[in-house]
Amino acid sequence: MKISIFGTGYVGLVSGACLAEVGHEVVCMDVDDVKIAQLKQGQLPIWEPGLDAIVARNVAEGRLSFTPDVARAVEHADLQFIAVGTPPDEDGAADLQYVLAVAESIGRHMSGYKVVVNKSTVPVGTADKVEARLGEVLAARGVQIPFDVVSNPEFLKEGAAVADFLKPDRIIIGTRSQRARALMQELYEPFNRNHERTQFMEVRSAELTKYAANAMLATKISFINELANLAELLGADIEEVRKGIGADPRIGYHFIYPGCGYGGSCFPKDVQALERTATQIGYEARLLQAVEAINLRQKQTLFKKLAKHFGGSGKLDGKTIAVWGLAFKPNTDDMREAPSRTLMEALWAAGARVRAFDPVSMNEARRIHGERADLELTADKYAALDGADALVICTEWQQFRAPDLDEMARRMARKTIVDGRNIYAPERLRAAGWTYYSVGRPT
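In the numbering used here, the protein residues as written are 65 to 507.
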């Protein structure tokens, strides 16, 4: 099948590459000429394991191409995917200006039947707005051309997005149109060979399913972090508690790892957007408010532990703090809403200097923070420790899990670790003479 995808960010590029991988002919369109030029040269705007090889292979074999030409993208296919960003606006609600702009572009150039597929994460009711905007543009042109608007939310984990797309848990499609349903069924047929993964439902139900999934996962994270804070005050070990409750199959072990808060492009934005949607219809979503508030508080826990260790935030002035991990989680370079950013901003405000390392996020860190005297991005994890008064672990990358403690001790000014991901055994570090703080475990 022929497919056009508007937007070459995380969702658009992964979707386009994976759909091409199973044999479809995909054109990815973006208004950013520089990004399109880079993609044509094989330079990807995101870091995602395995994506570069899939893009390169499908470009070489002619199934995947990139263009800044809207007319070409609209003409190319009956299936038109909208995969542009929906950033939060001033009050936290999802900003739909880019989604609606794509709808206008499709309406201006379409000459025959189209299925417009909302792949972006959008609030309930967005399909109605896209349909209305398309109708307005066609009316202004004085033409009557049939079209359908479908909701097809993505469920991709950063760091495992390629596998998630190629072997999905479920494929959610919201539509009432039998014509659109038949086309979407054909589109995803290669992903249903083993068993049927597609679930058809009402459009608004599909839109809500995406927000509900992310809000549920964020709730589990905030819940375990709330318990971790309580465990510290009670003298309990949250890791033992986690294993105890996770053994219950009704709870399970997924997403109940205590730490320094969630980040990324999805959970913070989607929880906030769903809560704002509730407010707009007159419902007070207290649980969602609590999930967000707990997460914002949890992101401050690393700085608070450091400040307490040194005798107050004022005593951090002039100190050098090493940071391992800048991305919001392993296997991505995404630093959006990352706990590391909250930590570093607080350290700089207190007059501290940061030496940081991340396996893949260094360029992103340079883009965000630029050149500044109180930030040094080092070539490897051990170089970040040189002269450091403490080490803070923000991201649980595999290479941080079994470091050389003797090498660390030789490089650091003080043997102090604040572990925001509970990746070390407290008794082993303390036996080796380290001052060690973690989340939800006795100090």
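Just so it is clear, CB atoms sit at the ideal spot from N, CA and C, and this is done for glycine as well.
Predicted, not measured: the structure shown is a model, and the values here were computed from it.
Any contact of the region 209–217 with the region 172–189, i.e. 3+ C-beta pairs under 8 Å?
yes
Which residues mark the beginning and the end of the beta strand (DSSP E) in which residue 144 is found? 143–146
State the Cα-Cα distance for the pair residue 163 and residue 424, rounded to the nearest angstrom.
30 Å
CB contact flag (residue 75, residue 220, <9 Å): yes
Practice task
Pick helix, strand or coil for residue 275, following the three-state DSSP scheme.
Solution key: helix
**Request:** Assess, as a yes-or-no matter, whether the region 100–107 is touched by the region 120–138 under the definition of 3 or more beta carbon pairs within less than 8 Å.
**Result:** yes
- Message: I want to see whether chain B comes within less than 9 Å of residue 220, judged by CB atoms only; does it?
- Response: You won't find chain B in this structure, because it holds only one protein chain.
If you run the structure through DSSP and keep just helix, strand and coil, what is residue 348?
coil
Let me know the secondary structure DSSP gives residue 249 once reduced to three states. helix
Please list, in chain order, all residues of the same chain as residue 241 whose beta carbon is under 6 Å from its beta carbon, the five residues on each side excluded. 212
Pair within 9 Å by beta-carbon distance, residue 142 and residue 247: yes
message: Determine whether the beta carbon atoms of residue 393 and residue 325 lie at a separation below 9 Å.
response: no
- Query: If residue 278 sits next to residue 331, beta carbons under 8 Å apart, how far is it from one beta carbon to the other, in whole angstroms?
  - Reply: 6 Å
| message | In this structure, how does DSSP classify residue 264 when only helix, strand and coil are distinguished? | response | strand
Does residue 209 come out as helix, strand or coil in the three-state DSSP assignment?
coil
Could you check what DSSP says for residue 93 in three-state terms: helix, strand or coil?
-> strand
May I have the straight-line CA-CA distance separating residue 406 from residue 445, to the nearest angstrom?
20 Å
inquiry  = In whole angstroms, give me the CA-to-CA distance for residue 157 and residue 395.
reply    = 28 Å
Leaving out five residues on either side along the sequence, give the residues of the same chain with a beta carbon under 7 Å from the beta carbon of residue 166. 70, 146, 148
What residue from 119, 113, 381, 293 has the CA that sits closest to residue 227's CA? 113
- For the beta strand (DSSP E) that contains residue 388, what are its first and last residues? 384–388
On the three-state DSSP scale, how would you describe residue 68? strand
Notebook entry, point to check: What did DSSP end up calling residue 74 once you bin it into helix, strand or coil?
Noted result: helix
Rounded separation between residue 474 and residue 491 - CA only: 20 Å
Original post:
Where does the unbroken beta strand (DSSP E) through residue 499 begin, and where does it stop?
Top reply: 499–501
Whole runs of the alpha helix (DSSP H) within the region 303–361, excluding any shorter than 4 residues: 331–344
Is the region 342–353 touching the region 385–392, taking contact as three or more C-beta pairs under 8 Å? no
Tell me the residue span of the alpha helix (DSSP H) that contains residue 235.
Here residue 235 belongs to no alpha helix (DSSP H); instead the beta strand (DSSP E) covers 235–238.
Q.
Given a cut-off of 9 Å on the beta-carbon distance, is the pair residue 453 and residue 374 in contact?
A. yes
Q. Is residue 222 helix, strand or coil by DSSP?
A. coil
Burial state of residue 280 (16 or more Cβ within 10 Å) = exposed
(message) So, for residue 190: in the same chain, excluding its five sequence neighbours on each side, which residues have a beta-carbon less than 7 Å away from its beta-carbon?
(response) 160, 163, 182, 271
inquiry  = Please return the same chain residues whose Cβ sits closer than 7 Å to the Cβ of residue 415, not counting the five positions on each side in sequence.
reply    = 380, 381, 382
- Which residues mark the beginning and the end of the beta strand (DSSP E) in which residue 483 is found? 480–483
* Starting from residue 494, trace the alpha helix (DSSP H) both ways and give me its first and last residue. => 490–495
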